[in-house]
Amino acid sequence: MFLDEFAGDLANADDGAAAEVGVDRAEKLYGRIFNDYGDDSVAQLGGVHLACENVSNLLTKVLERGRLAAYLEQSTRYIPYTDRSGGVWRYHVPSELDGHPLRAAYVEALDATFETYAKWIDPLRVYFEKKYPKQPGDSDAVYRSATRAKALDTLRGLLPAATQSNVGIYASGQAYEALILRMRAHALAEVRDYADLMLTELRKVIPAFLTRVDQPERGGTWTSYLAGARARTIEIAERLTAGTEPDRRSEVTLTDFDPDGEVKVVAAALYTATDLPDDQLLAMARAMSAADRAAVLSAYVGNRTNRRHKPGRAFERTSYRFDILTDYGAFRDLQRHRLMTIDWQALTTRHGHIRPEAVIDAGAGADWDAAMARSAELFDQLTEGGFRDA
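Each step along the sequence shown adds one to the number in the numbering used here, with nothing skipped, and position 22 is 45.
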């Protein structure tokens, strides 16, 4: 669109002024189509790389919630969180606690947790060196890196959700608009404040795609809708579930599945290879023998030689729903698989904690449990003080 309308003007421009006129006309065209006519497809045309630095783990999950974007997050598996810029550990202190007595308790608890984390990195590395001796074919550099990574991976369960990280995002204007509006409706000040920082930077590159964000009748009502719906849902959930304690559960529970899933997948596999309507194929799949269904699925899957050879969309015709009780580290790994329809509850210490066997074997069990106890005590204090989301 930009090229068709303005490439000629730019190519014939003798100076920067003419080029600026062309860019100005392009921005006005984008703005008119996107803002006046509401054609969101236009906002899918512009993509931007954005670096988000020093954001809490809680904020990273907000940033990475959208499906139509690409993310790269700093790893806690391979990078030690032991640096102390200005003598301060890498964690976020919520502005909600400014001027409140609980701020001191918060800082004290997190400082102690980071000190425990840093204290056990080398002992855990030595433990893994003894457990997995260096083989003749291993280079020194690779072996040191592998044992250090095992130590960091084991200890990252100590890192609190306030730990700061860096996230790279590549997304379209449409995806950024939806993200910023969600962030502005969030309960945490860190999330809302970061939305404004992102908007400032994005407007330097794709201003026309973000004009609706600040318009009261557009972005304003959208943000109010999101915040209001969330508040009303929390209110009714508290009223209807008051006094109910969670039942004991396994860490992974299959809560729902489609009994006709196999039939639907077989029909969907045949759909693109025939000219028959969907409901007719469903009836045929139901009438098939088990051997015929297996033959269809085998043909559709093909001769896969590695996990990157993915079958087609027929397997999206059915679904399984799992309820997973896990620590934050495992959750972060699962959450990155954005093609799933995933949702999660607020963090809590009510379900206890996980203690890796390597921590016990290396002699760090007592320190690990003490750190978890501090976290639970701080969580209770924050909840009682009205800072549940912090």
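Where a beta carbon is used, it is the ideal one built from N, C-alpha and C, also for glycine.
- For Val71, the secondary structure class from DSSP, reduced to helix, strand or coil, is strand.
- The C-alpha of Thr341 lies about 41 Å from the C-alpha of Val228.
- In summary, Tyr150 is buried, with 16 or more beta-carbon neighbours lying within 10 Å of its beta-carbon over all protein chains present.
- Shown here, Glu274 sits in coil according to DSSP, grouped into three states, outside any helix or strand.
- Taking a C-beta distance under 8 Å as the contact criterion, Leu277 and Ile192 do not qualify as a contact pair.
- Boundaries cannot be given for Tyr155, as no alpha helix (DSSP H) includes it and DSSP labels it neither H nor E.
- Leu95: member of the beta strand (DSSP E) spanning 92-96, first to last residue.
- Rounded to the nearest angstrom, the Cβ distance from Ser398 to Pro183 is 7 Å, consistent with a contact under 8 Å.
- With respect to Pro334, Gly180 sits apart: the two C-beta atoms are not nearer than 8 Å.
- Taken in chain order, the unbroken stretches of beta strand (DSSP E) that lie wholly in the region 75-153 and span 3 residues or more are 92-96.
- Here Asn329 is exposed: its Cβ has fewer than 16 other Cβ atoms, across all protein chains shown, within 10 Å.
- The beta strand (DSSP E) runs of length 3 or more contained entirely in the region 187-216 are, from start to end of the chain, 187-195.
- Remark: C-beta atoms of Gly89 and Leu225 do not approach each other more closely than 8 Å.
- Annotation: Ile377 is outside any alpha helix (DSSP H) and is labelled neither H nor E by DSSP.
- It is roughly 16 Å from the alpha-carbon of Gln358 to the alpha-carbon of Ser79.
- Under the three-state reduction of DSSP output, Phe280 falls in the strand class.
- Within the DSSP secondary-structure output, Ile365 pairs in no beta bridge.
- Sixteen is the threshold: since fewer than 16 other Cβ atoms of the shown chains lie within 10 Å of the Cβ of His374, the residue is exposed.
- For Ile347, the beta-bridge partners assigned by DSSP are Val275.
- Apart from sequence neighbours up to five positions away, the residues of its chain that approach Arg272 with a beta-carbon distance below 8 Å are Asp346, Leu348, ordered along the chain.
- Taking a cut-off of 8 Å for Cβ pairs, the region 118-128 and the region 392-409 touch, as three or more such pairs fall below it.
- For the pair Val286 and Leu299, the CB atoms are not nearer than the 8 Å cut-off.
- Between Ala141 and Thr186, the C-beta spacing is not below 8 Å.
- Counting along the chain, the unbroken alpha helix (DSSP H) around Phe402 starts and ends at 388-407.
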